[in-house]
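Only one structure is covered here, and it is reproduced in the block below.
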Amino acid sequence: MADGLYLYNMVNKVRVRFAPSPTGGLHLGGVRTVLFNYLFAKKHGGDFIVRVEDTDQSRFVEGAEDYIFKCLHWCGLTPDESVLHGGEYAPYRQSERKEMYRQYGEQLVKEGHAYYAFDTTDDLDAMREKLKASGSSSLQYDQNIRMQMNNSLRLLPDETQALLAKGTPYVIRIKINANEVIPFTDMIRGDIEFDSNNVDDKVLLKADGMPTYHLAVVVDDYLMKISHAFRGEEWLPSAPVHILLWKHLFGLHAMPQWAHLPLILKPDGNGKLSKRDGDRLGFPVYAMDWQDPATKESTKGFKEIGFLPEAFINLLVVLGWNDGTEQEIFSLDELIEKFSIEKVHKGGAKFDFEKAKWYNHEWIQKLDVSNYEDRVKVIFESKGVLITDAVYFTKVLNLVKGRCTLLPDFYTQGCFFFQPPASIDVADIKAKWNEPKNLFFVELIRTYQLTNSWEHTELEKEFKEIAAVNQLKPGELMGPLRIMLVGGKFGPGVFEIAAMIGKEETINRIENALSLLQ
RNA sequence: GCCGCGUUGGUCAAGGGGUUAAGACGCCUCCCUUUCACGGAGGAAUCACGGGUUCGAAUCCCGUACGUGGUACCA
């Protein structure tokens, strides 16, 4: 795609928006849309606006709006303007802008680009049944059918006025002209053309006085001076309606540049990734834990299962974008520098949870533990391990971080530094246990009690000396020692563990295990 | 059904007329490690299909198939 494509709109400040509906948890795809918006804005020194699209009162969910802002905050994607952050184009909640939309709807009617429609739900159902029965290829309310319907196009002006005066419920529909080509340029997909004969007369203003998405998005993008509009691919089919609305209302020259983002697909099959797929396959789909206030059903989030925000952002951005090099790990600052909308793919990408975890593992290694030790501490304390020595805690985290993929792994990999193992795999030791080994450990305890240097190299040296004297292979003894100290075959070097937990604790654990072996 | 969009290993993908068709995740083998990981070295595995255009096509064109999105007074 040519670099100059979207440049003409760069004369004005870049302003982008994320426009969520407060209807539930924030989906991966939603966060990625935010991310692409945010990166584009920041790269070009622009503003990132969050506008709440709550025009469908029947789908409104209490708490969802607040939750969305919490997710954005966790991801580090802070809006410049929003319901929460204020801004000169307030209000940023569409329900509070309700009155603004009607005048544009009326204007369109006055200018002949829209009309009043009085059809009831039953009328519409009947129309579709009729069309289906007649074998029509389209079931839409469009130019072919509108003159048979109950609207101001077919009715006499007097009849329309009478209905209006009576307070008959009505909607405003856009009037799509026949035989028109509606072209537009998408920043990702290039030139696209729609035939107006395939576009239906969409409802613009609902009977309850609220705008539909189609009217609201155009009016608000204009009023909020949006320069570039990114949204999911599912919006592509309704783009012609928006283009026409821009043409009639504000002029095409003022229209933002569009980019329709590819979808995030389920790992198996090809459909759009849904919350259900996550439940079924065992991974989260929402950014953070979400509980539906009505059903009380709760859903796990990436944050809560132990993802770092840096990793979450990283794994999302590469789902449909990369900078053309081999680089895979990007910080937010690097992304702002390197992101380009033209490099976003056209096709959808299947979500791969294994790779997602790999990103988190990489970020755990890359970041200093100070970035996440507070969160890890909460995990330890939730399991009943109180952290009293912060320095010791940090040391442990550094020792085990290499083997951690998700934050809770720090607990499984490090809990034995704070308390004796909950269970010891005695059976594993017993399999090859004999009296000489028993005597070795008795002697090891005696030696360790007398040693004055409690340092891992020294402990290892003494351990091997005793083994040599007793003509035993150290390798056959280190396994048992590890199990005595940590409970199983995992964790860092045994002597490092012994050095960390200290003389008294080491000896206690060996003695305890020996008694279990009797 | 109609309309739109898409299609490089199992997955994410680079590549846009001439390449041994990068790299990553996952998988397998080996090395390192007397644990588990990390790390290192290898390996298996890909251009949806059919026609063109061309000296030459994963790359350009046309079909087909498949997938997916839309087809609401939902966004």
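Take the first sequence: its letters are residues 597 to 1114, numbered as in the working numbering. For each residue, glycine too, the CB sits at the ideal point set by N, CA and C.
Non-local C-beta neighbours of R655 in its own chain, meaning closer than 6 Å and more than five positions away in sequence, comprise T619, ordered along the chain. Counting along the chain, the unbroken alpha helix (DSSP H) around W959 starts and ends at 949–962. With contacts defined by Cβ atoms closer than 8 Å, Y711 and V815 do not form a contacting pair. The segment 1018–1062 is shown to contain whole alpha helix (DSSP H) runs of 4 or more residues at 1022–1026, 1031–1046, in chain order. Annotated as distal: N956 and T891, with beta-carbon spacing of 8 Å or more. DSSP places G847 outside both helix and strand once states are collapsed to three, so it counts as coil. For D1005 and Q653, the gap between their C-alpha atoms comes out near 42 Å.
C-alpha of I645 to C-alpha of P675: approximately 6 Å in a straight line.
Relative to the Cα of A835, the nearest Cα in the group K1026, N794, L859, D864 belongs to N794.
Assignment of T781 by DSSP, reduced to helix, strand and coil, places it in the strand class. When the Cα atoms are used, S966 and V972 turn out to be separated by approximately 10 Å. Shown here, Q887 sits in a strand according to DSSP, grouped into three states. Residues of the same chain with a CB within less than 7 Å of the CB of K899, apart from the 5 flanking positions on each side, are W670, A883, M884 in chain order. Contact annotation: A1109 and T1102 have beta-carbon atoms that are not nearer than 8 Å. Taken in chain order, the complete beta strand (DSSP E) segments of 3 or more residues contained in the segment 759–809 are 767–770, 777–782, 786–791, 799–801. R827 counts as buried, since at least 16 other C-beta atoms from the protein chains shown sit within 10 angstroms of its C-beta. Judged by DSSP in its simplified three-state form, N910 adopts helix.
Under DSSP, V612 shares a beta bridge with F644. The beta-bridge partner set that DSSP reports for I860 consists of A945. Residue ranges of uninterrupted alpha helix (DSSP H) with 4 or more members, entirely inside the segment 652–721 and ordered along the chain, are 660–671, 694–706.
When the Cα atoms are used, K666 and D754 turn out to be separated by approximately 53 Å. Looking at G625, R628, A686, E658, the one whose alpha-carbon comes closest to that of R647 is A686. Remark: fewer than three beta-carbon pairs, one from each stretch, lie closer than 8 Å, so the segment 860–875 and the segment 818–826 are not flagged as touching. Assignment of Y818 by DSSP, reduced to helix, strand and coil, places it in the helix class.
Here DSSP, grouped into helix, strand and coil, assigns S870 to coil. With distances taken between CA atoms, E1061 lies nearest to T1043 out of T1043, G1075, P1076. With a threshold of 16 other beta carbon atoms within 10 Å, M783 meets it and is buried.
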